[in-house]
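Visitor: Under the working numbering, the residues of the sequence shown are numbered 1206 to 1652, in order. Glycine included, C-beta positions come from ideal geometry on N, C-alpha and C. All figures in this text were calculated on a predicted structure; none of them were measured in a lab.
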Amino acid sequence: MTRRNEVTEPSWVYYERPPGFVFHEHGKGSSRRGEKPELHCDDVPLTKLAERYGTPLYVYSATAIRERLAAFETAFRSVPHTICYSVKANSNVSILRLLARQGCGFDVVSGGELERVLAADRRAAKKVVFSGVGKSRAEMTAALKAGILLFNVESESELCALAECAARVRKDARVALRVNPDVAADTHPYISTGLDKHKFGVPIANARALYANAAGARYLKVAGVSVHIGSQIADIAPFAETVSRVADLVSELRADGHGVDYVDIGGGLAIAYQGMGLAFADYVAEYARAVTKPLRGLNVHLLLEPGRAIVGPAGVLVTSVLYKKENDGKRFLVVDAAMNDLIRPALYDAYHEIVPVVLSRSPAAKNETVDVVGPVCESGDFFARDREMPGVEEGDLLAILDAGAYGMALASNYNTRPRPAELLVSGKSVKIIRRRERVRELYAAEL
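1) Would you list the one or two residues that DSSP bridges to K1535?
2) Note down the Cα distance separating A1542 from I1438, rounded to an integer number of angstroms.
3) Mind pulling the alpha helix (DSSP H) runs of 4 or more residues that sit fully within the region 1267 to 1340?
4) Going straight from the alpha carbon of G1406 to that of A1330, what length do you get?
5) Between which two residues does the beta strand (DSSP E) carrying S1634 extend?
6) With H, G and I counted as helix, E and B as strand and the rest as coil, what does DSSP make of M1594?
7) Closer than 6 Å by C-beta to I1274: which residues in its own chain qualify, once you throw out the five before and the five after it? Chain order, please.
8) Is the Cβ-Cβ distance between A1351 and L1303 less than 8 Å?
9) So who's on the other strand from T1260, going by DSSP bridges?
10) Measuring straight from C-alpha to C-alpha, what distance separates E1558 and L1603?
11) Report yes if the C-beta distance between L1355 and A1428 is below 8 Å; otherwise report no.
12) What is the DSSP secondary structure of S1525, counted as helix, strand or coil?
13) For R1327 and I1300, what's the separation of their Cα atoms in angstroms?
14) For G1517, count neighbouring Cβ atoms within 10 angstroms of its own Cβ and tell me buried if that reaches 16, exposed if not.
15) Opposite I1353 in the DSSP bridges: which residues?
16) For L1425, which residues from the same chain have a beta carbon less than 6 Å from its beta carbon, with the 5 sequence-adjacent residues on both sides left out?
17) Distance check for A1608 and L1503, CA to CA, integer angstroms please.
18) Look up S1235 in the DSSP assignment and say whether it is helix, strand or coil.
19) Taking just the CA atoms, how far does G1596 sit from L1652?
20) Could you tell me whether the region 1506 to 1514 touches the region 1577 to 1593, where touching means 3 or more Cβ pairs closer than 8 Å?
21) Within this structure, are the beta carbons of H1724 and P1285 separated by less than 8 Å?
Listed below in C-alpha cells is the structure:
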C-alpha cells in the first residue's frame, strides 16, 4: 500500500513503501549524510538497475511477494485452505516458480497459463484450478492429462464438453460450478463479475439442477462450489454476503447427496494504489474473518485466488524522462515508457503513484503539476494527468508504483515497441527474468 508522509524538509516528500521498495540515503546502513534519498528494491538502488538494464524496466521484489503470500497463509491458518495464485495478474515463470516453492497453488484461465505453471513446477498441477468461460476442448484435455485439482465450470455446455473430454481420455474431472451470486461490488465495471448481467458463472438458482447433471456423468466428480465477484474490491461486505450464499448452497447440495469438499471463493481483494489504507496483514485478517464465518461447521477446504494483492505492490515500472514540454501553460513529462508497457491508466483510468527515483533535498526544488505521458501515438497514452509531483529534469528516472499486477501481463507491442525487461530482486541478488525484446523479433513470425 502506498503511504505518503510529509517530513521536516518542505522541499521533498518521503514515500514510505511496503517491504520491498523503500527510500534510503545512499544505501542501507550508510554513514554518509546529506545524500539524496534514493528508491531501492530490497537492498538494490533502482538507479543501478536502470544503468545496467536500461529503461523502461519492470522490477519486482521477491521479499514483498513472499511477505504478502505469508500474510494470507497466517490469516487463514485456522481453516484448511490452499492459496491458488491468479496467474493472469503476473505470469512470469520465475515468479510462478518463486510462489510454487512457497507451497502456492495456481488459478489459470487458459491452456497457456497452465503450460506456464507446469514449466515453473510440474508438481504444482495438483494444486491448479482452471477457471474461465471459454475453455476449449484441447485446453480441457491438457488439464485432465496434467492431473489438475479442479475445473471451475461456467455453463451447462462447458459441463457437457468436459464430460466428453474426460470420457475420451478416461480420467476423472473434479468439478465445481462457478455460481453467480448476483452480489454487487464497488469496483470498475470492466472487472466486476458477480452480477446476472455479466458473462461469468451460472445463476445460483440453477445450480442444483446442473449439479444433478454433473453427477450423472461417469467421469465427472462433483467436488466443490466456486464463486468470484470481481477484482480490486476494497469493501469486505460483498465477500461476506457472497460466501454466505455459497454456504447455503453447499448445505443444499449435500442434502441432495453431492460430495462438496471444496469452496473456491475466488480473489479480488483490493490494494491501495492511493492513500493510507489498513496495514496489509490487518486487512487480510479482516477479510479472512468475514469469509470464514459463514463456512463454520461445513468442514470444507477453502480455495483462494489472490493475484493483485500478492504481486501488485511488489513491482514498479522504472522509466526515464525524455523531454519536458509546455503547451500554453500545460506541462508535460514525456517518458520512455508507454501505454503498451502499462495500459491500466489508459484502460481503466487507473491511478498509480509516480515518484522520482532520486529525491531532491534542495530548498529551491518545487512541485510541478504535469501530465506524465509516453511516446505512443495516442492521446490515451498517459500515466497521470494534472498530477502534482516533485520537479524533475530531462534524463531523471521515475518509478511508477504498484505495477506488479496487470502491467507486463497486459503489455503489447503496439507501435512496434519492444516490451521491457523484467528483474526479480531478492536482498542484494538481482535476476533478469525476461530480457528486453528486440525489434526484429517482433516481426520474425510474419510472412
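Guide: If we stick to the structure as given:
1) Along the sequence shown, read from residue 1 onward, the residue named residue 1535 stands at position 330. Paired residues: N1532.
2) Looking up residue 1542 in the sequence shown gives position 337. Looking up residue 1438 in the sequence shown gives position 233. Between A1542 and I1438, the C-alpha separation is close to 28 Å.
3) 1267 to 1280, 1298 to 1306, 1316 to 1325
4) Working through the sequence shown from its first residue, we reach residue 1406 at position 201. Working through the sequence shown from its first residue, we reach residue 1330 at position 125. About 23 Å.
5) In the sequence shown, counting from the first residue as 1, residue 1634 sits at position 429. Counting along the chain, the beta strand (DSSP E) containing S1634 begins and ends at 1634 to 1639.
6) Start at 1 with the first residue of the sequence shown, and residue 1594 comes out as number 389. Correct three-state label for M1594: strand.
7) Translated into positions along the sequence shown, residue 1274 becomes position 69. In the sequence on display, residue 1274 carries Leu and not Ile. Excluding positions up to five away in sequence, the list reads Q1307, I1515.
8) On the sequence shown, position 146 is the one that residue 1351 refers to. On the sequence shown, position 98 is the one that residue 1303 refers to. The answer is no: Cβ separation not under 8 Å.
9) Along the sequence shown, read from residue 1 onward, the residue named residue 1260 stands at position 55. DSSP links T1260 through a beta bridge to no other residue.
10) The count along the sequence shown starts at 1 and reaches residue 1558 at position 353. The count along the sequence shown starts at 1 and reaches residue 1603 at position 398. Near 10 Å, if we compare the C-alpha coordinates of L1603 and E1558.
11) One-based indexing of the sequence shown puts residue 1355 at position 150. One-based indexing of the sequence shown puts residue 1428 at position 223. Yes, Cβ-Cβ distance for L1355 and A1428 is below 8 Å.
12) Mapped onto the sequence shown, residue 1525 falls at position 320. DSSP places S1525 in strand when its eight states are reduced to three.
13) Translated into the one-based positions of the sequence shown, residue 1327 becomes position 122. Translated into the one-based positions of the sequence shown, residue 1300 becomes position 95. Their backbone Cα atoms lie some 15 Å apart in a straight line.
14) As a position in the sequence shown, residue 1517 is number 312, starting the count at 1. G1517 is buried by the Cβ-count criterion.
15) For the purposes of this step, residue 1353 is identified with residue 148 of the sequence shown, where counting begins at 1. Paired residues: none, contrary to the question.
16) By 1-based counting over the sequence shown, the position of residue 1425 is 220. Answer for L1425: A1368, A1378, V1380, A1419, listed in chain order.
17) Residue numbering aside, residue 1503 sits at position 298 when the sequence shown is read from its first letter. Residue numbering aside, residue 1608 sits at position 403 when the sequence shown is read from its first letter. Going by the C-alpha atoms only, they are around 38 Å apart.
18) Counted from its first residue, the sequence shown places residue 1235 at position 30. Residue placement at S1235 is poorly supported in this model, since its pLDDT is 46, which falls under 50; the coordinates still yield a value, given next. It is coil, neither helix nor strand.
19) By 1-based counting over the sequence shown, the position of residue 1652 is 447. By 1-based counting over the sequence shown, the position of residue 1596 is 391. Each residue's alpha carbon lies about 47 Å from the other.
20) These segments do not touch.
21) The first residue shown for the chain is 1206 and the last is 1652, placing residue 1724 beyond what the model contains.
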